[in-house]
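Report on the following structure.
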Amino acid sequence: MSSLQTRLKGRQDRSSKGRETPPAIVSINYREDDRAQQSRAEITCQAARSSSNVREDTKSQRPTSISDTASIVFTGPRGNGKSSLAVISGLLLRRRVVDVDADFIATHGVSKTGFKRKYGAENLRLKELETTRTLLMRYDKGCVIACGPQIAAEQLRGFMTEYRKTHAVIYVTRSVDDIENYLGVKERGKMQQWMKNIQGNYHQVSNFEFFNLPERWDEQEQQSPALKRLQYILSHRLVSQRKVHALQGTQTALARFLAVALGYNASSLSHDIFPTIYPSLPERRVYSNSMRISVTALATEKMTIGEIPAGADVVEMVLDARDPRCSAAMASGMVGRFMAEIRRFLAVPIVYDVCMANKDINDWPLYFGMLYDGLRLAPEYLTVDLDATSEDIQQLTLRRGCTTILGNQDTTVAKSDFWLSSEPLVQYNRAAQLGCGVVRLTKPCHTTGDNFSCLTFIEKVKALPDGIPVIAYNTGDKENTQIEDVLPRPTTLSIRERWGSLFDMHILHHLEFFLVGSVKNSLSPAMHNAAFQILGMPHVYNTHEAKDLEELCVLLSRPNFGGASVSLPLKKDVLTLIQRLSPSAELIGASNTILPVRGWKEDLVPSDPRCKEYRHRAGPVTMLYGDNTDWIGICACLSRSISPANSVNHETTGLVIGAGGMARAAVYCLLYLGVRNICIFNRTVSRAQAVRKHYEQVFGKFSQSKSQCSPQTTESAQSTGLRITVLESIDIPWPSNFCQPNIVICAIKAYDNHLPATRPFTMPPAWMKSPTGGVIVELAYHTPETPLMRQLREGSYPGWSVVDPVEVLFEQACAQWELFTGSRAPRKTMWEACLNQYANAMERDDYQNSKFGISIRND
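Residues 5 to 863 in our numbering are what the sequence shown lists, from first letter to last.
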């Protein structure tokens, strides 16, 4: 047993049934001194001792608790985007939005410029202060408030000092260039100093800070060779003409920020967070990867967020308290910008880590000052050195908000029997008593026996009642036991190498994955195999044309069976082979994903078949678990395509074209998004009626699982607000009792010009009169262009956009890969593989001649 295994073990999580074993997070760090080595990773640790006292004014900015109903305030100088953020937050949280400047105009019937002209600058200033104080008190609960620079005025600071103790006051920052561009400033340079001068005032009246990134198309993706190739082959396809959806990237980053800052369920704010990885918290999953990144490397542009390798479960941002470049990056808002980029582009939790190599007693105030500054940015995790005084650590944990505090202890000088002594358990208990949510303990490795001693310590911690997750591992040369002594020892370890080591040592097993059913021209093998390869997993994904369930049973019972993607015509039939279904698969009535579970027992924890502990394991299959990712593919695309103007509300109407398995997944997706007015059109009306009846019957059960509330007394759709109607003809006008649809999902066969009996489907103009436009999701990808896509390309439909079917296929494949492995999908790699394979398919004569113009996603 090597220390690599030791690192991967973790503290068990107690539940009502038993214990679940969360792992250590392996800490990996980018090297700053060698750009050529940025794709590598380095295990590092720091340690020091002292005591500290933290400035009371720094601590007072952190509220000990904020009510769920307390209003939220966005503030900052003009041009920072606070009004837009308030509107987005209001939509996400379903709260009333109050704009102080707009209220001023509504109340006084004149703009601030007009008021100033009429009454003078001093009277305007006094009126602004009065209005701001009045509105903050009047709309004290249940609102999102956008407030301008007057909130930082000296006359309001006393009021705001008390107000921020019970409310989230978010200071919005933005790059000076973006503010100058927005305001049309011609004389550049002066605003930089002005922003620096006023920043302290905003810090005094706020307790959170959010960096507002600009909405720009990803230039790196535009330069993708695969995308360029597809642009050349299919110049008319919308996948090559995708545009930025207004404020969609901002909404994604803001939703993740609010989830941590205010303790909301992230999936309820951001509909692109799906139940594909379990446990959801990385410290409670086995074999989680933490990528450590130096803020100095980012600030000096030695690397960018886009260069972070695939496979990280969390990103750990490391600041050196003594490095002036880190202090400057923090003061300028650059650290906040890096965190906003991670939230938007990587969508993984963030660990905020401040370190000092050689600590002196006078360094602790600086250290804790940087920690409290970090809490303003709402990281998911924040590390604290356990060498600090108990008082300082406890004060930090009391003011942590919803951030998890990770107590870190690097023991640089330790006896050879350290793990067997009482010292590590004392450190662990102290961290838990002080309020830490996770503990990380490390020491240098003296002998290979230290690895076994570390495992013994972990087992001892597992036996403790009501414990917290622990990360424990050795550092140094002797901790790496799988490499011969005669070979040069590597100083770095990449995520790919780490996964490879786990399989080389047979801790994890090589498995086979399959696409079963109709497999011709599938893009899935290319995506899944590319993902396995980039992360160093030796799995393979093949196609298998199963003719019946008996043949499929033989495949599913193989000792090295890892999982299967199920295509038509087996999605419904396969349910007879599955012992347990996910809630979505059960309600949809179809499964396109099968997971094997080995060693399953109902009375043991982990009891969730998705748990990562069941993945990468060979052996006899004791249970099959079925899930459905078709709806996830649709939902992920809709989540980034619905503009804030079309944000889902009680009047939103969705239209589903078709009545097959994909149509059922589409209806489930709409329900998940909160749409309660749904119309279904299918040429065979009876099939559409069957879909309507099905969801009216199961909607009560859906509502219970989604809201996690007590069971309702009835499953009647009328009592829960669901309205589903069937459109019996394409020629009828849009129903007067439904708003015009702004979400359309086309889940029917693509038109095949070789089959005269089929008719091309296009949207009737009477069904496309939404004043704010909408989005159409097309699911037929086995054809260069569907009639509906051509209609949108050639016609004039303001505000309407189309989601390319390849994007939906890609998203559901990423969701499947995460279910198969229990790890984050390497999306960039899978997207490149998807585009390349699709370009290959489109180049073939079969596709150019539309011989296979029928999607496998059909009725």
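Where is the CB? At the ideal position from N, CA and C, for every residue including glycine.
Since this is a predicted model, take the numbers as computed values, not measurements.
Exposure of residue i, with buried meaning 16 or more beta-carbon neighbours within 10 Å
{"i": "M531", "result": "buried"}
{"i": "S55", "result": "Confidence at S55 is low in this model, with a pLDDT of 36, below 50, so its placement is unreliable and the value that follows should be read with caution. The residue in question, S55, is exposed, as its Cβ has fewer than 16 Cβ neighbours within 10 Å."}
{"i": "Q203", "result": "buried"}
{"i": "I365", "result": "exposed"}
{"i": "S651", "result": "buried"}
{"i": "E126", "result": "exposed"}
{"i": "V417", "result": "exposed"}
{"i": "V671", "result": "buried"}
{"i": "D508", "result": "exposed"}
{"i": "H510", "result": "exposed"}
{"i": "D634", "result": "buried"}
{"i": "G623", "result": "exposed"}
{"i": "W423", "result": "buried"}
Nearest-angstrom Cα separation, counted from residue j out to residue i
{"i": "R680", "j": "S586", "result": "22 Å"}
{"i": "C458", "j": "A845", "result": "52 Å"}
{"i": "Y291", "j": "D103", "result": "46 Å"}
{"i": "F214", "j": "V358", "result": "19 Å"}
{"i": "F536", "j": "R260", "result": "28 Å"}
{"i": "K145", "j": "P768", "result": "45 Å"}
{"i": "L539", "j": "A314", "result": "7 Å"}
{"i": "Q154", "j": "T136", "result": "8 Å"}
{"i": "C151", "j": "L139", "result": "10 Å"}
{"i": "P473", "j": "G658", "result": "44 Å"}
{"i": "V442", "j": "G725", "result": "43 Å"}
{"i": "L187", "j": "G337", "result": "20 Å"}
{"i": "F212", "j": "K169", "result": "12 Å"}
{"i": "L527", "j": "Q820", "result": "13 Å"}
{"i": "S43", "j": "I309", "result": "Because S43 sits at a pLDDT of 30, beneath the cut-off of 50, its placement in the model cannot be relied upon, and the following sentence gives the value as read from the coordinates. Roughly 12 Å separates the two Cα atoms."}
{"i": "M307", "j": "R296", "result": "13 Å"}
{"i": "A157", "j": "V114", "result": "22 Å"}
{"i": "M334", "j": "Q235", "result": "41 Å"}
{"i": "H112", "j": "V180", "result": "32 Å"}
{"i": "E847", "j": "H786", "result": "12 Å"}
{"i": "S87", "j": "N216", "result": "12 Å"}
{"i": "T401", "j": "Q816", "result": "39 Å"}
{"i": "P791", "j": "G662", "result": "15 Å"}
{"i": "L390", "j": "T415", "result": "10 Å"}
{"i": "S709", "j": "R691", "result": "26 Å"}
Endpoints, the beta strand (DSSP E) within which residue i is located
{"i": "T387", "result": "Y385 to D389"}
{"i": "H548", "result": "V544 to H548"}
{"i": "C406", "result": "No beta strand (DSSP E) contains C406, which DSSP labels as neither H nor E."}
Cutoff 6 Å; reference residue i; Cβ partners in own chain excluding five residues on either side
{"i": "A589", "result": "S595, G630, D631 and N632"}
{"i": "H450", "result": "S420"}
{"i": "S733", "result": "none"}
{"i": "I76", "result": "V148 and A172"}
{"i": "K773", "result": "Q744"}
{"i": "Q712", "result": "The predicted model places Q712 with a pLDDT of 48, which falls under 50 and marks its position as unreliable; any figure quoted below should be read in that light. No residues qualify anywhere along the chain."}
{"i": "D454", "result": "N478"}
{"i": "A649", "result": "T776"}
{"i": "V355", "result": "V318, E320 and Y385"}
{"i": "L515", "result": "H543, N564 and G566"}
{"i": "H654", "result": "none"}
Cut-off 7 Å between Cβ atoms - residues of its own chain near residue i, not counting five sequence neighbours on either side
{"i": "R831", "result": "C818"}
{"i": "E60", "result": "Annotation note: pLDDT 49 at E60 (below 50); position unreliable, no value reported."}
{"i": "A534", "result": "T833, M834 and A837"}
{"i": "A843", "result": "A230, R233, L234 and I237"}
Terminal residues of the alpha helix (DSSP H) in which residue i lies
{"i": "P369", "result": "W368 to R380"}
{"i": "N844", "result": "R831 to E847"}
{"i": "C449", "result": "Looking at the DSSP string, C449 is not in any alpha helix (DSSP H), and its letter there is neither H nor E."}
{"i": "L813", "result": "P809 to T825"}
{"i": "Q235", "result": "P229 to I237"}
{"i": "G637", "result": "D634 to S645"}
{"i": "S505", "result": "I499 to D508"}
{"i": "R797", "result": "P791 to E798"}
Beta-carbon proximity list for residue i, same chain, < 8 Å, skipping 5 on both sides
{"i": "P573", "result": "G521 and S522"}
{"i": "R500", "result": "P313, G315, I538, L539 and G540"}
{"i": "L438", "result": "S394, I397, Q398, T401 and G411"}
Identified DSSP bridge partners for residue i
{"i": "A742", "result": "Per the sequence shown, residue 742 should be read as Phe rather than Ala. BP columns for F742 are empty, so no partner."}
{"i": "I297", "result": "M321"}
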